[in-house]
Amino acid sequence: MTTVRGGGLYRGWMGSLWTQLEPLLARVEKPARYIGCEDGAVTPDYTTATNATVTWLLTYPDTYEIGLPNQGLQVLYEILNERDDAIAERSYAPWIDLEAEMRTADLPLFSVDTHRAATDFDVIAFNLSSELVYTNVLNCLDLAKVPVRCADRTHEHPIVGAGGHATFNPEPMADFLDWIGLGDGEEIVGDVTAVVSEWKASGSTDREAVLRKLSQVEGVYVPALYDAEFRDDKLIGITPRFPEVPEVVEKRTVADLADWPYPKNQLVPLTEVVHDRLSVEVFRGCTRGCRFCQAGMITRPVRERPAEQVRTMIQEGVRRTGYDEVALTSLSTADFSGITEVVKATIDDESMGCGDVSVSLPSLRVDAFTVGIAAELQRGRRSGLTFAPEAGSWRMRQVINKLITEEDLYASVEGAFSQGWRRVKLYFLTGLPTETDEDTLGIAELGRNCVEIGRKYHSGASVTVSVGGFVPKPFTPFQWFGQNTIEELKRKIYLLRDEVRKTKGLQMKWHEPAATFVEGMSSRGDRRLGPVIEQVWRNGGTFQEWSEHFDVDRWTEAMSDHGLSVEWFTYRHRDEDEVFPWDHLNAGLHKDFLWHDWRDALNEVGLEDCRWTPCYDCGACTGYGIEHVVASATPPAGGSQGTGQDLATGHEIPVALGVRPAGVL
Amino acid sequence: MTPPRKPQVRLRYSKIGKIRFTSHRDMARIWERAVRKVQLPIAYSEGFSPRAKLSFGLALPTVFESLAEYVDLTFDEPVDVDGLPGLLNGSLPDGVKITGAIALEGKVTSLQECVESTTWSLFVDGDVEQLTAWADEVLSADTIEITRQRKGKDRTDDVRPAILDVEIRSTAGANVVQANAEVHAHLAAKPRALRPLELLEINSPPFSLVLGRRVHQFIAPVGARRDPLAIGAATAPHSLSCVS
Numbered sequence: 001m002t003t004v005r006g007g008g009l010y011r012g013w014m015g016s017l018w019t020q021l022e023p024l025l026a027r028v029e030k031p032a033r034y035i036g037c038e039d040g041a042v043t044p045d046y047t048t049a050t051n052a053t054v055t056w057l058l059t060y061p062d063t064y065e066i067g068l069p070n071q072g073l074q075v076l077y078e079i080l081n082e083r084d085d086a087i088a089e090r091s092y093a094p095w096i097d098l099e100a101e102m103r104t105a106d107l108p109l110f111s112v113d114t115h116r117a118a119t120d121f122d123v124i125a126f127n128l129s130s131e132l133v134y135t136n137v138l139n140c141l142d143l144a145k146v147p148v149r150c151a152d153r154t155h156e157h158p159i160v161g162a163g164g165h166a167t168f169n170p171e172p173m174a175d176f177l178d179w180i181g182l183g184d185g186e187e188i189v190g191d192v193t194a195v196v197s198e199w200k201a202s203g204s205t206d207r208e209a210v211l212r213k214l215s216q217v218e219g220v221y222v223p224a225l226y227d228a229e230f231r232d233d234k235l236i237g238i239t240p241r242f243p244e245v246p247e248v249v250e251k252r253t254v255a256d257l258a259d260w261p262y263p264k265n266q267l268v269p270l271t272e273v274v275h276d277r278l279s280v281e282v283f284r285g286c287t288r289g290c291r292f293c294q295a296g297m298i299t300r301p302v303r304e305r306p307a308e309q310v311r312t313m314i315q316e317g318v319r320r321t322g323y324d325e326v327a328l329t330s331l332s333t334a335d336f337s338g339i340t341e342v343v344k345a346t347i348d349d350e351s352m353g354c355g356d357v358s359v360s361l362p363s364l365r366v367d368a369f370t371v372g373i374a375a376e377l378q379r380g381r382r383s384g385l386t387f388a389p390e391a392g393s394w395r396m397r398q399v400i401n402k403l404i405t406e407e408d409l410y411a412s413v414e415g416a417f418s419q420g421w422r423r424v425k426l427y428f429l430t431g432l433p434t435e436t437d438e439d440t441l442g443i444a445e446l447g448r449n450c451v452e453i454g455r456k457y458h459s460g461a462s463v464t465v466s467v468g469g470f471v472p473k474p475f476t477p478f479q480w481f482g483q484n485t486i487e488e489l490k491r492k493i494y495l496l497r498d499e500v501r502k503t504k505g506l507q508m509k510w511h512e513p514a515a516t517f518v519e520g521m522s523s524r525g526d527r528r529l530g531p532v533i534e535q536v537w538r539n540g541g542t543f544q545e546w547s548e549h550f551d552v553d554r555w556t557e558a559m560s561d562h563g564l565s566v567e568w569f570t571y572r573h574r575d576e577d578e579v580f581p582w583d584h585l586n587a588g589l590h591k592d593f594l595w596h597d598w599r600d601a602l603n604e605v606g607l608e609d610c611r612w613t614p615c616y617d618c619g620a621c622t623g624y625g626i627e628h629v630v631a632s633a634t635p636p637a638g639g640s641q642g643t644g645q646d647l648a649t650g651h652e653i654p655v656a657l658g659v660r661p662a663g664v665l
Numbered sequence: 666m667t668p669p670r671k672p673q674v675r676l677r678y679s680k681i682g683k684i685r686f687t688s689h690r691d692m693a694r695i696w697e698r699a700v701r702k703v704q705l706p707i708a709y710s711e712g713f714s715p716r717a718k719l720s721f722g723l724a725l726p727t728v729f730e731s732l733a734e735y736v737d738l739t740f741d742e743p744v745d746v747d748g749l750p751g752l753l754n755g756s757l758p759d760g761v762k763i764t765g766a767i768a769l770e771g772k773v774t775s776l777q778e779c780v781e782s783t784t785w786s787l788f789v790d791g792d793v794e795q796l797t798a799w800a801d802e803v804l805s806a807d808t809i810e811i812t813r814q815r816k817g818k819d820r821t822d823d824v825r826p827a828i829l830d831v832e833i834r835s836t837a838g839a840n841v842v843q844a845n846a847e848v849h850a851h852l853a854a855k856p857r858a859l860r861p862l863e864l865l866e867i868n869s870p871p872f873s874l875v876l877g878r879r880v881h882q883f884i885a886p887v888g889a890r891r892d893p894l895a896i897g898a899a900t901a902p903h904s905l906s907c908v909s
């Protein structure tokens, strides 16, 4: 099969679905979503593929704009294409307009790289970022002409896998996913490739055999090889059906990020996407110990990328892509101990390329020092600066272990306004354990005080308070907490909104409580939710993470049609003896550590960051024999947040704060 | 004292193949990155949010190909104009190729203002006889009224003056599947442009567009029409091949 360049309407194109797809693209919104051709895209060479080559379709179950920038998918795309025994292409959920055209034309899901049919691939692997994309996964499978249920698939169908943050409770999707990769995917995809390659080369048609072999790969969970036992509607346990299948599946953790300098060729889209800049991951894992945060808990321990490697990745990336904006990504980038070295190198480096490069830190820690760094790095003050205090009172922040004092917040906000920013955004959660109305109204007060600070510098200073409903997540100390009801969330939001209205310059945004409710259903759900998810999908419930398509009634109806109680899954407080649907998975944290931390939370006891204070044996490091990889034993300067520092003095600030604009106090 | 004028270069480029599905705004971003990738000394605008000084001509509708798109670039220092196509083509996506480059001297009218008319190859799936009849009807009409939305209101205009010529050609050699014929149209860009899709809707003909392609933009009235690169007395457009 030859590879031919050029448009499909020209005679001579062979071997892909492009000729059938092209006429449809003239009829849909944003057709550039479907053409591929991005800078950095790999054109696979199928001419050298053998019977043992494993072809992967890495699929992001949301639109191209959201899926393309996803770093995880890009990293695995590169790693697989570097291997001799694998080829990887990419796919994204078609928007509803193209989907309708595809179904009418009987055109299956296709890869954007070569427009190859999804059924031609050996493995289809999804990135699961949140519970609300579950129905998109089913829709993509259906479009791919793969039976949505594992049990209906034969050896002729691709093997369906998934990875990403939402896999740490994969049970609601157990009916639909053949395998799930827990933790870091870099090594998992290599091992899965080896297993599938051997199975293919052997000519075997025994699908169960390859799934059993996959269950032997560290980090891979195969739901079909486990029985979920229920008694009186309660989960008793999830146990292996075969002797070689592990009782507990351990997540995979790469010890050293320096071994994985990916992406080396970040994809540069031809069309608009949500994060359109160069991204460099500076570390993985987080030990701040914020009790609501699943991402922080399940990615421990911390593994930093060496500062020198960060610097070269920025430099080479900027030169290659032509981007003038770089984002340093992690769960809390200001904690990156190499931050000052990277800042200095980026500012001083004249060989960085044409023009100035603007570096942004997506999640700012709340302290004035960090704002100073941001001022140095960000060329424009175009968008606002974002902080995440998460709770409206000091008491509440101790409960959630986000130990930011009011003084810290005001100092940071003042730093922002005084250095030219005009807009500040503050993230909060509502529906937290032990929350009172006083805590809720505390949010308005913080916001009001921040507006007042801003007014000292700009008459039009504005503060936006953005409030999301809290969903208790697996593998966090709050996994025993019953989620607030929709009514309760609404009551708190309206209470807060009425208070916020009183202050000019203060705005409020909030996440739809009904969406929070649906996330909560799946977050701690079990296999019984499979038929519910399937029904919602069959009734047209795709793109539930888009507010214009979200419909809570589809979900509540499906629950009641299957005799399942929303109260039981979402609102109920769990007891210490509860068997969780994720107890047979291990993210590294001891369950008794989490229970102990839950009790501490209820007693308003804070817990310090273990990178720089003594270990409290959560289990993550001791379990894997890995220690935190940090460049410096000294915590970054400034601020409280459990580093045990003296707020009055802190550390010497190595980077000068920006000069205040003329005419400002 | 006015600061010295910064060097400006006008480029002509093609947009052929899959890239035709990107929008005009997408192209602006693509150009900005391409220029940065080869480290050209492109000038930036002043102010809060500096933007690279690239000035585009008439927008090409998404989904259309083109052999004749133009962009004016402003630089901070002089550049090797002859070498620009070779330098930049490697950084542009597949299907985008620079086919001409010229230094702009003195004060230059913007592309938006100086283009008078455009020609189009519109490959359609209609029957050649029906098409010829349709074209004759269009050309022999004294007036043709169409209603278009402008600024939220419906406005009816006589577009016949904007139709400078319509010719029906066979598709032999064009290699466009599903197309039986080509409507080759010459349309005015001023005072109000007629869009190729609007032309094809006149008198509701029984055919539809399979592939559209802009072929030329001209900067002088019909009789003395010239390529936008052919401005200034002594300069001639660089003769790189026009077709991909």
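As given, the protein sequences belong to chains B and U, one line each in that order. When the letters of the first sequence are read in order and numbered with my numbering, they come out as residues 1 to 665. When the letters of the second sequence are read in order and numbered with my numbering, they come out as residues 666 to 909. Backbone N, C-alpha and C define an ideal beta-carbon position, used for all residues, glycine too.
Check	Outcome
Indicate whether at least one CB of chain B lies closer than 9 Å to the CB of glutamate 697/U.	yes
Can you tell me whether alanine 648/B is helix, strand or coil according to DSSP?	Confidence in alanine 648/B is poor, its pLDDT being 34 and thus under 50, which makes the residue's placement unreliable; the coordinate value appears in the next sentence. Coil.
Is there a Cβ of chain U sitting closer than 9 Å to that of threonine 19/B, yes or no?	yes
Got a sec: which bits of the region 287 to 311 of chain B sit with their beta carbon under 9 Å from any beta carbon on chain U, in order along the chain?	none
Name the two residues that bound the continuous alpha helix (DSSP H) containing threonine 440/B.	437 to 455
What whole-angstrom Cβ distance do proline 743/U and glutamine 795/U have, given they're in contact under 8 Å?	Proline 743/U to glutamine 795/U, Cβ: 55 Å. No contact.
So is serine 393/B buried or exposed if we call it buried at 16+ other beta carbons inside 10 Å?	buried
In this structure, does DSSP put isoleucine 400/B in helix, strand or coil?	helix
Mapping the DSSP letters down to three states, classify tyrosine 262/B as helix, strand or coil.	coil
Let's test the definition: count the other Cβ atoms within 10 Å of the Cβ of tyrosine 34/B and tell me whether it reaches 16, buried, or not, exposed.	buried
Would you kindly work out how many angstroms separate the C-alpha atoms of glutamate 669/B and isoleucine 443/B, rounded to a whole number?	No statement about residue 669/B is possible, as the shown extent of chain B runs from 1 to 665 and does not include it.
Could you run through the region 16 to 49 of chain B and flag, in chain order, every residue whose CB is less than 9 Å away from some CB of chain U?	Trp18, Thr19, Glu22, Pro23, Leu25, Ala26, Lys30, Pro31, Ala32, Arg33, Tyr34, Ile35, Gly36, Cys37, Glu38 and Asp39
If you run the structure through DSSP and keep just helix, strand and coil, what is tryptophan 199/B?	helix
Leaving out the 5 sequence neighbours to the left and right, which residues in its chain are closer than 7 Å to glutamate 414/B when beta-carbon positions are compared?	Ile453
Under 8 Å: do the region 699 to 715 of chain U and the region 729 to 749 of chain U share three or more Cβ pairs, one atom per stretch?	yes
Considering only the beta carbon of each residue, do histidine 155/B and threonine 205/B sit closer than 9 Å?	yes
Taking DSSP as the reference, what is the three-state secondary structure of glycine 237/B?	strand
Taking tyrosine 323/B as the query, report the chain U residues whose CB atoms sit under 9 Å from its CB, ordered along the chain.	Arg698 and Arg701
Quick one: what's aspartate 227/B bridged to in DSSP?	Thr239/B
Between the C-alpha atoms of alanine 768/U and alanine 461/B, what's the straight-line distance to the nearest angstrom?	46 Å
Report the rounded CA-to-CA distance for leucine 257/B versus threonine 312/B, giving the unit in angstroms.	14 Å
Does proline 672/U come within less than 9 Å of chain B when only Cβ atoms are used?	no
Taking the runs of the beta strand (DSSP E) that are 3 residues or longer, which of them lie wholly in the region 248 to 295 of chain B?	278 to 281
What first and last residue would you give for the beta strand (DSSP E) that runs through glutamate 390/B?	385 to 390
Find out if the Cβ-Cβ distance for the pair valine 731/B, arginine 423/B is shorter than 9 Å.	Coverage of chain B is limited to positions 1 through 665, which leaves residue 731/B absent and any answer about it impossible.
Which stretch, first to last residue, makes up the alpha helix (DSSP H) that contains valine 413/B?	406 to 418
Which term fits threonine 808/U, buried or exposed, when burial requires 16 or more other beta carbons within 10 angstroms of its beta carbon?	exposed
Can you confirm whether valine 728/U, when its beta carbon is compared against all beta carbons of chain B, has any partner nearer than 9 Å?	yes
Quick check: the region 174 to 190 of chain B against the region 69 to 82 of chain B, are at least 3 beta-carbon pairs closer than 8 Å?	yes
Check whether the region 416 to 434 of chain B and the region 464 to 472 of chain B are in contact - that is, three or more C-beta pairs closer than 8 Å.	yes
Measuring straight from C-alpha to C-alpha, what distance separates glycine 372/B and arginine 395/B?	28 Å
In whole angstroms, what separates the C-alpha of alanine 558/B from that of glycine 525/B?	14 Å
From the DSSP output, read off the bridge partner residues of phenylalanine 110/B.	Ala117/B
Out of Arg599/B, Trp568/B and Trp555/B, state which residue places its alpha-carbon closest to the alpha-carbon of glutamine 483/B.	Trp568/B
Grab me the residues of proline 758/U's own chain with a C-beta within less than 6 Å of its C-beta, minus the 5 sequence neighbours each way, in chain order.	Ile684
Whose Cβ in chain B lies nearer than 8 Å to the Cβ of proline 871/U?	Ordered by position in chain B, no residue passes the 8 Å Cβ test against proline 871/U, which lies about 18 Å from the chain.
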